[in-house]
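Undergrad: Taking the numbering used here, the leading residue of the sequence shown gets 11, the next gets one more, and so forth.
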Amino acid sequence: MPTYISKLLIHLSLFFAIFAYVSRIEASIHTLTSPDRKLVATFSNTQSKSANILYNLTFAGKQVINSSSIKLFDESCDLNQLSKTLDVSNTWKPVYGHKSTFIDHYNELVLQINYSSGKNIIFTARMYNEGLAFRFHITNTKQFLGETLRLKTTYNFPEDFSVYYPNGEFQPEGPIKISSYDKHGSTIRMPMVVDAGKNTFLCLLESDLYKSSTQSNCEPMNIFKGDVLFGLESDSAFSNISSRQFQTPWRIILTANSPGDFLTSDIPLNLATPCQIADTSWISPGISTWELRTRGAIFNNFQYENNQETMLRMVDFASSNNFEYLLIDGMWFRVKNGQMQVRDEKYDMNKIISYAKENDVKLLLYYDEHYADPNRKNYRGEKVLPIKSVFEFISDLGAAGIKFGFKGYNVNFTRDAIKLAAKYKLLINFHDYPVPMIGVRRTYPNAITREYCHAQADRHTTFSPNSFIRQAQINLIAGPMDQCNGYFSFSSLKSRWLGFENGVVESTIVSEAARILITSWGGLQTIPDAPEAYLSKPDLFQFIKKLPNTWDDSRCIDIKLNEYIFMARKYKNTWYVAGAANNKGGKVQLKMNFLTSSEYSATIYEDADDAHYQDNPSSYVKRTSLVKPNETLDINMAPGGGFCMILKPLIN
11 MPTYISKLLI HLSLFFAIFA YVSRIEASIH TLTSPDRKLV ATFSNTQSKS
61 ANILYNLTFA GKQVINSSSI KLFDESCDLN QLSKTLDVSN TWKPVYGHKS
111 TFIDHYNELV LQINYSSGKN IIFTARMYNE GLAFRFHITN TKQFLGETLR
161 LKTTYNFPED FSVYYPNGEF QPEGPIKISS YDKHGSTIRM PMVVDAGKNT
211 FLCLLESDLY KSSTQSNCEP MNIFKGDVLF GLESDSAFSN ISSRQFQTPW
261 RIILTANSPG DFLTSDIPLN LATPCQIADT SWISPGISTW ELRTRGAIFN
311 NFQYENNQET MLRMVDFASS NNFEYLLIDG MWFRVKNGQM QVRDEKYDMN
361 KIISYAKEND VKLLLYYDEH YADPNRKNYR GEKVLPIKSV FEFISDLGAA
411 GIKFGFKGYN VNFTRDAIKL AAKYKLLINF HDYPVPMIGV RRTYPNAITR
461 EYCHAQADRH TTFSPNSFIR QAQINLIAGP MDQCNGYFSF SSLKSRWLGF
511 ENGVVESTIV SEAARILITS WGGLQTIPDA PEAYLSKPDL FQFIKKLPNT
561 WDDSRCIDIK LNEYIFMARK YKNTWYVAGA ANNKGGKVQL KMNFLTSSEY
611 SATIYEDADD AHYQDNPSSY VKRTSLVKPN ETLDINMAPG GGFCMILKPL
661 IN
């Protein structure tokens, strides 16, 4: 054979080999875009014998996550595309919430992961206009009997971005450079906001942990420092997989030009399992009065105490102001001879509940298993009761819900308690380091709120204005938080039972009212002060009384991390707007471009010029104004202060 023919054949063979190799690589790279094409992600498995799915993410032409990995099972694998579905669009309505209608609009990619041992798992990714979500689905769990699976996701960033994250019942952290981030302890640091610069933000979180908890023993997502300098890693374990099928929670990467968009994102709830309660007519959002923080307060020669007279007085206050609930906190019960009992020397609970029902007020009752192991005794010397007997007892009393304390990050207990509470038609509100089970309020809307924050007066402490701003900007992304805002008293608080160590609330009175709206997800809001404190400021109290219990729309209309937050929420044709500032305060120009009608009548409550959260917290002014959508309003926010307003259209 002539030499030139031999060389030609060699070149052709090499060409076809390279072509085949490139084709295989390209075939193993799967691209998913958002419906508006501003977000692009690729998924691949191009590393030889790798157990990882590799992915990256581009937002508005900027790569925000470099090549990173997703892994559930530690074994080499390859990927096969099963389907790609474009432009999926559905709508659904919640029982209550920050909006009345949700739009679920995304593109979807489904891959099959084939492991070298013959096992296989389904991987599903959904791309929304506002972010990326993905989860694993095992259709035959027999393949993984006895296995503990770990869902590990890395997030490798192109630069040393700054992060912000919750810190349990303390002030959230941030800004902290990723290179300096150091995860320690058990505190959950999710959701995590990433400031990528140039008005680009990401948020790392999860949804539908409830679904996974019904199929395994599991733990919530936590975020650690990654192996690369500008990298993070989320990790959670799943053991004792008990059902025929298993799904991990959705891992979510939200993207936005403003971190305020994370506070009203549809995505976490869109991804949650739909409502599992057939009849939800008994689930009512609302405002609850609360007797615990009034104990020791004296008004008009009446002293609030843990007794029947106080409870009936609080019922009267709730009823006369159309508040739906009264929360009776600790020390109303005892456990004796293995039975839960009302402390009848304190009051007649049956009489209180019947009186409340006569006045259209529902009762919420506190319970805790401070020592949760049923094989141990609690501090009263009795064994801890099974929650079934507790819920039966509280339901038989005629209460509408339970505030459950001191269970911590116990995912499977939280799941069982929510489901059991629904069986007994009880609302449930977890306190003291609860699981941020994001999305569960869609699945079980009786899980009406929880204390995923520092609630006011916990540990006898108040949070600073700086701390409130951070919690409202970061913790609130995870959903409702029972923060107990709304103090109108600013003196003698140290003398109250469980009062503040420093005797003050670090806020202004207007900011206290504003914080109720800012943190309102349309579930449950607990207001902590005595009736006389509210009645002494009847004009500002009107703002709280007029707040709806659920919303048609919610928007964060302005935000600056660690400095201020402005929220607008709409019910029917009326807008309710509130803002809060950090320790510095300031004068702001509020843009009204979120309004739709031609002209509105605005009732505005704001800090007076001499107001200050430390020196003069009760000084405020009320004014009215006519407002058009193309205008701005000049607003004064004192240090630690805020504003709130009601906007009604002049023409419906």
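Here a beta-carbon is modelled for each residue, glycine too, at the ideal position from N, C-alpha and C.
Identify which residue in Lys94, Met647, Gly107 and His622 has its Cα closest to the Cα of Thr41.
TA: It is Lys94.
Undergrad: Alpha carbon to alpha carbon, how far is Asn139 from Gly513?
TA: In a straight line, the C-alpha of Asn139 is about 47 Å away from that of Gly513.
Undergrad: For the segment 472 to 489 and the segment 433 to 445, state whether three or more C-beta atom pairs, one from each stretch, are separated by less than 8 Å.
TA: Flag = no, the segment 472 to 489 and the segment 433 to 445 do not touch.
Undergrad: My guess is that Arg515 and Tyr544 are in contact by the Cβ rule of under 8 Å, so how many angstroms apart are they, rounded?
TA: Strictly speaking, residue 515 in this sequence is Val, with Arg absent from that position. Their Cβ separation, rounded to whole angstroms, is 14 Å, which puts Val515 and Tyr544 out of contact at 8 Å.
Undergrad: Can you confirm whether the segment 112 to 129 touches the segment 541 to 556 when touching is taken to mean that 3 or more C-beta pairs between the two stretches lie within less than 8 Å?
TA: Touching, no.
Undergrad: Are there 16 or more other CB atoms within 10 angstroms of the CB of Thr518, so buried, or fewer, so exposed?
TA: The residue in question, Thr518, is buried, as its Cβ has 16 or more Cβ neighbours within 10 Å.
Undergrad: For my contact list, Asn583 and Asn476 are in at a C-beta cut-off of 8 Å; report their separation, rounded to the angstrom.
TA: Going by Cβ atoms, the distance from Asn583 to Asn476 rounds to 35 Å, so no, they are not a contact pair.
Undergrad: By the DSSP assignment, the beta strand (DSSP E) with Ile123 in it spans what residues?
TA: Note, Ile123: beta strand (DSSP E), Phe112 to Tyr125.
Undergrad: Just reading off the alpha helix (DSSP H) that Asp426 is part of, what are its end residues?
TA: Taken as a continuous stretch (DSSP letters only), the alpha helix (DSSP H) holding Asp426 covers Val421 to Lys433.
Undergrad: Between the segment 160 to 174 and the segment 283 to 291, do at least 3 Cβ pairs fall closer than 8 Å?
TA: No, the segment 160 to 174 is not in contact with the segment 283 to 291.
Undergrad: Would the segment 297 to 312 count as touching the segment 222 to 241 if we require 3 or more Cβ pairs under 8 Å?
TA: The answer is no - the segment 222 to 241 does not touch the segment 297 to 312, with fewer than three Cβ pairs under 8 Å.
Undergrad: If you draw a straight line from the alpha carbon of Gly411 to that of Ile567, how long is it in whole angstroms?
TA: Whole-angstrom Cα-Cα distance: 34 Å.
Undergrad: Taking C-beta to C-beta, are Pro201 and Gly532 nearer than 8 Å?
TA: In this structure, Gly532 does not lie closer than 8 Å to Pro201 by Cβ.
Undergrad: Considering Cα atoms alone, identify which of Gln313, Leu214 and Phe146 is closest to Val74.
TA: Looking at the Cα atoms, Leu214 is the closest of the given residues.
Undergrad: Using three-state DSSP, classify Gly391 as helix, strand or coil.
TA: Note on Gly391: pLDDT 49, under 50, position unreliable in the model; no value is reported.
Undergrad: Beta carbon of Gly595, beta carbon of Pro649: below 8 Å?
TA: The answer is yes: Cβ separation under 8 Å.
Undergrad: Output the residue ranges of the alpha helix (DSSP H) runs that lie fully inside the segment 445 to 529 and measure 4 residues or longer, sorted by chain position.
TA: If we require 4 residues or more, the alpha helix (DSSP H) runs fully inside the segment 445 to 529 come out as 450 to 453, 475 to 483 and 519 to 528.
Undergrad: Under 8 Å, with one C-beta from each stretch per pair, do the segment 77 to 94 and the segment 113 to 123 reach the 3-pair mark?
TA: Yes, the segment 77 to 94 is in contact with the segment 113 to 123.
Undergrad: Does DSSP classify Arg344 as helix, strand or coil?
TA: Strand.
Undergrad: Of the choices Leu605, Ser60, Ser78 and Lys109, whose alpha-carbon is the least far from that of Ser564?
TA: Ranking the options by Cα distance to Ser564, first place goes to Lys109.
Undergrad: Give the range of the beta strand (DSSP E) segment to which Asn76 is assigned.
TA: Lys72 to Lys81 is the span of the beta strand (DSSP E), which, as asked, contains Asn76.
Undergrad: Alpha carbon to alpha carbon, how far is Phe403 from Phe248? Give it in angstroms, no decimals.
TA: Between Phe248 and Phe403, the C-alpha separation is close to 33 Å.
Undergrad: Compute the distance between the beta-carbons of Tyr574 and Asn592, then report whether it is under 8 Å.
TA: The answer is yes: Cβ separation under 8 Å.
Undergrad: To the nearest angstrom, how far is the alpha carbon of Ile277 from that of Thr68?
TA: Distance between the alpha carbons of Ile277 and Thr68 is about 18 Å.
Undergrad: Pick out the complete beta strand (DSSP E) segments inside the segment 292 to 336, 3 residues or longer, and give them in chain order.
TA: Counting only runs of 3 or more, we get 296 to 300.
Undergrad: In the DSSP assignment, what are the bridge partners of Ile148?
TA: Note: Ile148 sits in a beta bridge opposite Phe256.
Undergrad: Suppose you measure from the CA of Thr471 to the CA of Glu379; what does that come to, to the nearest Å?
TA: Rounded to whole angstroms, Thr471 to Glu379 spans 23 Å at the Cα level.
Undergrad: Cα-Cα, which of Asp562, Thr158, Ile131 and Gly141 is closest to Asn150?
TA: Of the listed residues, the one whose Cα sits closest to Asn150 is Ile131.
Undergrad: Mind the definition here: the segment 170 to 179 touches the segment 204 to 224 only if three or more C-beta pairs lie below 8 Å; say whether that holds.
TA: Flag = yes, the segment 170 to 179 and the segment 204 to 224 touch.
Undergrad: Which runs of the beta strand (DSSP E), 3 residues or longer, sit entirely within the segment 591 to 638?
TA: With a minimum length of 3 residues, the continuous beta strand (DSSP E) runs that stay inside the segment 591 to 638 are 596 to 601, 610 to 617 and 630 to 637.
Undergrad: Return helix, strand or coil for Leu239, following the three-state DSSP convention.
TA: Leu239: coil per DSSP, three-state reduction.
Undergrad: Rounded to whole angstroms, what is the Cα-Cα separation between Arg47 and Ser499?
TA: Whole-angstrom Cα-Cα distance: 52 Å.
Undergrad: Helix, strand or coil for Ala288? Go by DSSP, reduced to three states.
TA: Note: Ala288 maps to coil in three-state DSSP.
Undergrad: Tell me which same chain residues have a C-beta within less than 8 Å of the C-beta of Gly241, skipping the five on either side of it?
TA: Taken in chain order, the residues that qualify are Ser78, Thr164, Tyr165, Asn166, Phe167, Ile188 and Lys235.
Undergrad: Look at Gln225 and Gln181 and say whether their C-beta atoms are less than 8 Å apart.
TA: Not a contact, by the Cβ cut-off of 8 Å.
Undergrad: What are the boundary residues of the alpha helix (DSSP H) that Lys356 is part of?
TA: That residue, Lys356, is in no alpha helix (DSSP H); it is neither H nor E in DSSP.
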